[in-house]
Amino acid sequence: MSQPVWRVDIVVLPKDGVSDPQGEAVKSGLALMGITEASRIRVGRHLEIDIQAADAESARSIAADMSERLLANLVIEQFRIESIREMTAAGAHP
Amino acid sequence: MNRGVAVISFPGSNGDQDAVDAFAGPVGVPTRLVDYRETSLEGFEAVVLPGGFSYGDYLRTGAIARFAPIMSAIQEFASTGGPVLGICNGFQVLTEAHLLPGAVLRNRDLRFHSQWVHIRVESGETAWTGAASDGDVLSMPVAHGEGNYYANRETVAELEHEGRVVFRYANSGGRPDERSNFNGSINNIAGICNSGRNVVGLMPHPERAADPLLGPPDGLRILESIHQFIGTVV
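If you read the protein sequences in the order shown, they are chains A and R.
Number 34 in the numbering used here belongs to position 42 of the first sequence; there are no gaps in the numbering.
Number 232 in the numbering used here belongs to position 117 of the second sequence; there are no gaps in the numbering.
Below you can see the structure in the form of structure tokens.
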């Protein structure tokens, strides 16, 4: 029996204190549209990764390893694992 | 066998042939293109990671190139004191591979800058600045969207303290003022070196300032530094 598949959502954002020119640009774009309520915007990446692992905890540790070694550059970025959910056969092939 | 300079060609490199032309032409040393799938640098006396958009800049600039097969050989070459130069995207690859500290962020103004700039040589004591002197002001082109050098406070302090900031953006008189800092780099940093001073990375393109036909050939002051290493290794 093969291992279950876990869908892991990872968010990578610029570290606090590291300038984010994209976030600033989006903020000024919104201001030009008259939307001035956004006081802080950080632009990053959202990765959705399917991982085969025995359980959610192993999937999390594989995802953390991927993030530390490649998905985020820890000099300038931070990551967080947003969610891990088991994919049913139906969920894997929607 | 002395094979001279290895210029690494990654998928998406576009400055590799310019680098070969500069080294093989005006600098006048044996030079070869080395494919990223190679795993050995045996016989080479210097390694250059050229500019371009390796792997389409996917994920982050230089992030995927760092895992190319040739990178283990480059790590090994660098760790034994071999001269390594990273130009533009090559500099980004070197930071991703942790051969140089810090990282590059998107330019402060979000614009891709393709222009000639002045840089001041801050240290003539690296493998790649032996032909230049401290305080020299060199003119050469930049062409990048992500060259905004960043490192945390401790790392910047260490770089400054150890004289490892090799080049700074400056005005034509050599003053590193805010106006010259077009990409927003910390302390106007345009290039740095490792603690062994054999690995140097910079955003400007010395290989595009190597032929008088294209402007002042100031890039040769960097590239010609390699003469001291060529032919000395048997």
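Each residue gets a CB set at the ideal place from its N, CA and C atoms; glycine is no exception.
Does any residue of chain R have a CB that is nearer than 9 Å to the CB of A:L5? One-based indexing of the first sequence puts residue 5 of chain A at position 13. With 9 Å as the cut-off, A:L5 does not count as an interface residue toward chain R.
If you run the structure through DSSP and keep just helix, strand and coil, what is R:V349? Against the second sequence, residue 349 of chain R aligns to sequence position 234. With a pLDDT of 39 at R:V349, under the threshold of 50, the predicted position of this residue should be treated as unreliable, though the coordinate-derived value follows. If DSSP states are grouped into helix, strand and coil, R:V349 belongs with coil.
Inter-residue spacing [alpha-carbon to alpha-carbon] between R:S119 and R:N267: Here residue 119 of chain R is taken as the residue at index 4 of the second sequence, counted from 1. Here residue 267 of chain R is taken as the residue at index 152 of the second sequence, counted from 1. Per the sequence shown, the amino acid found at residue 119 of chain R is Gly instead of Ser. Approximately 36 Å between the Cα atoms of the pair.
For R:R223, which residues in chain A fall below 8 Å Cβ to Cβ? The count along the second sequence starts at 1 and reaches residue 223 of chain R at position 108. Here the neighbours are S11, P13.
Contacting residues, own chain, Cβ-Cβ under 7 Å from R:Y264 (five flanking each side not counted): For the purposes of this step, residue 264 of chain R is identified with residue 149 of the second sequence, where counting begins at 1. Excluding positions up to five away in sequence, the list reads G217, V219, S300, I301, I304.
May I ask you to report which of helix, strand or coil DSSP gives R:G158? Residue mapping note: residue 158 of chain R aligns to position 43 of the second sequence, counting from 1. Coil at R:G158, not helix or strand.
The beta strand (DSSP E) that contains R:H228, what's its start and end? The residue labelled residue 228 of chain R in the question sits at position 113 within the second sequence. Run containing R:H228: 228 to 236, per the beta strand (DSSP E) assignment.
Less than 9 Å between the C-beta atoms of R:L335 and R:P141, yes or no? Start at 1 with the first residue of the second sequence, and residue 335 of chain R comes out as number 220. Start at 1 with the first residue of the second sequence, and residue 141 of chain R comes out as number 26. Going by C-beta atoms, R:L335 is nearer than 9 Å to R:P141.
Who pairs with R:C308 in a beta bridge, going by DSSP? Translated into the one-based positions of the second sequence, residue 308 of chain R becomes position 193. In DSSP, R:C308 forms a bridge with R:V315.
Nearest-angstrom Cα distance between R:R294 and R:R152? Along the second sequence, one-based indexing puts residue 294 of chain R at 179. Along the second sequence, one-based indexing puts residue 152 of chain R at 37. Approximately 42 Å, taken between the alpha carbons.
Three-state class that DSSP yields for R:S248 in the structure shown: One-based indexing of the second sequence puts residue 248 of chain R at position 133. Three-state result, R:S248: coil.
Which partner residues of R:Y170 appear in the DSSP bridge assignment? Working through the second sequence from its first residue, we reach residue 170 of chain R at position 55. In DSSP, R:Y170 forms no bridge with anything.
Per DSSP, the bridge partner or partners of R:D150: Mapped onto the second sequence, residue 150 of chain R falls at position 35. Answer is R:S124.
In angstroms, rounded to a whole number, what distance separates the CA positions of R:S155 and R:Q190? Numbered from its first residue, the second sequence carries residue 155 of chain R at position 40. Numbered from its first residue, the second sequence carries residue 190 of chain R at position 75. Spanning the two alpha carbons is a distance of roughly 11 Å.
Using 9 Å as the limit for Cβ to Cβ distance, is R:Y265 near chain A? Counted from its first residue, the second sequence places residue 265 of chain R at position 150. Answer yes: the Cβ-Cβ gap between R:Y265 and chain A drops below 9 Å somewhere.
Report back the beta-carbon spacing between A:M58 and A:V(-3) to the nearest angstrom; my notes put them in contact at under 8 Å. Position 66 of the first sequence holds residue 58 of chain A. Position 5 of the first sequence holds residue -3 of chain A. Incorrect: roughly 15 Å between the Cβ atoms, too far for contact.
Tell me which residues of the stretch 172 to 183 of chain R have at least one Cβ-Cβ distance to chain A shorter than 9 Å, keeping chain order. L174, R175, A178, I179, R181, F182
Reducing DSSP to helix, strand and coil, say where R:G119 ends up. Counted from its first residue, the second sequence places residue 119 of chain R at position 4. Correct three-state label for R:G119: strand.
A:V67 at chain R interface by Cβ criterion, 9 Å: The residue labelled residue 67 of chain A in the question sits at position 75 within the first sequence. Interface residue, yes.
Considering only residues of the same chain and omitting the five flanking positions on each side of R:F138, which have a CB-CB separation below 6 Å? Counted from its first residue, the second sequence places residue 138 of chain R at position 23. Excluding residues within five positions, the ones whose Cβ falls inside 6 Å are V120, V144, T146.
Applying the criterion that 16 or more other CB atoms from any shown protein chain within 10 Å of the CB defines a buried residue, is R:T244 buried or exposed? For the purposes of this step, residue 244 of chain R is identified with residue 129 of the second sequence, where counting begins at 1. Classification of R:T244: buried, given that the 10 Å Cβ count is 16 or more.
Do the CB positions of R:H259 and R:N298 come within less than 9 Å of each other? Residue numbering aside, residue 259 of chain R sits at position 144 when the second sequence is read from its first letter. Residue numbering aside, residue 298 of chain R sits at position 183 when the second sequence is read from its first letter. Yes. Within cutoff.
Local Cβ density within 10 Å of A:R77, reported as buried at 16 or more and exposed below that: Indexing the first sequence from 1 puts residue 77 of chain A at position 85. Exposed, because fewer than 16 other Cβ atoms sit within 10 Å of the Cβ of A:R77.
Looking only at C-alpha atoms, which of R:P256, R:M255, R:E240, R:V257 sits nearest to R:D249? Here residue 249 of chain R refers to the residue found at position 134 when the second sequence is read from its first residue. When each option's Cα is compared against that of R:D249, the closest is R:E240.
Quick check on the burial criterion: 16 or more other C-beta atoms within 10 angstroms. Buried or exposed for A:P86? Here the question's residue 86 of chain A lines up with position 94 in the first sequence. Unreliable placement is indicated for A:P86, whose pLDDT of 47 sits below 50; the coordinate value is still reported in the next sentence. That one is exposed.
Residue from R:F125, R:H213, R:G130, R:I123 with nearest C-alpha to R:A325: Taking the second sequence and counting its residues from 1, the one referred to as residue 325 of chain R is at position 210. Nearest C-alpha to R:A325: R:G130.
Per DSSP, which residues does R:F282 bridge with? Please list them. To locate residue 282 of chain R, count along the second sequence from 1; it is residue 167. Per DSSP, R:V236, R:G306.
Counting only Cβ pairs nearer than 9 Å, list the residues of chain A close to R:E293. Reading the second sequence from its first residue, position 178 is the one you call residue 293 of chain R. Chain A residues near R:E293: none, gap ~15 Å exceeds 9 Å.
Span of the alpha helix (DSSP H) around R:R221: In the second sequence, the residue the question calls residue 221 of chain R occupies position 106. Looking at the DSSP string, R:R221 is not in any alpha helix (DSSP H), and its letter there is neither H nor E.
Are there 16 or more other CB atoms within 10 angstroms of the CB of A:S20, so buried, or fewer, so exposed? Along the first sequence, read from residue 1 onward, the residue named residue 20 of chain A stands at position 28. The residue is exposed, with fewer than 16 neighbouring Cβ atoms inside 10 Å.
Compare the C-beta of A:A56 against all C-beta atoms of chain R and say whether one is closer than 9 Å. Within the first sequence, numbered from 1, the residue matching residue 56 of chain A stands at position 64. Not one chain R Cβ lies under 9 Å of A:A56.
In whole angstroms, what separates the C-alpha of A:S11 from that of R:Q207? For the purposes of this step, residue 11 of chain A is identified with residue 19 of the first sequence, where counting begins at 1. For the purposes of this step, residue 207 of chain R is identified with residue 92 of the second sequence, where counting begins at 1. Rounded to the nearest angstrom, the two C-alpha atoms are 18 Å apart.
Please look up how many angstroms separate the CB atoms of R:P165 and R:V122, rounded, as I've assumed it's under 8 Å. Within the second sequence, numbered from 1, the residue matching residue 165 of chain R stands at position 50. Within the second sequence, numbered from 1, the residue matching residue 122 of chain R stands at position 7. About 6 Å separates the two Cβ atoms, so the contact holds.
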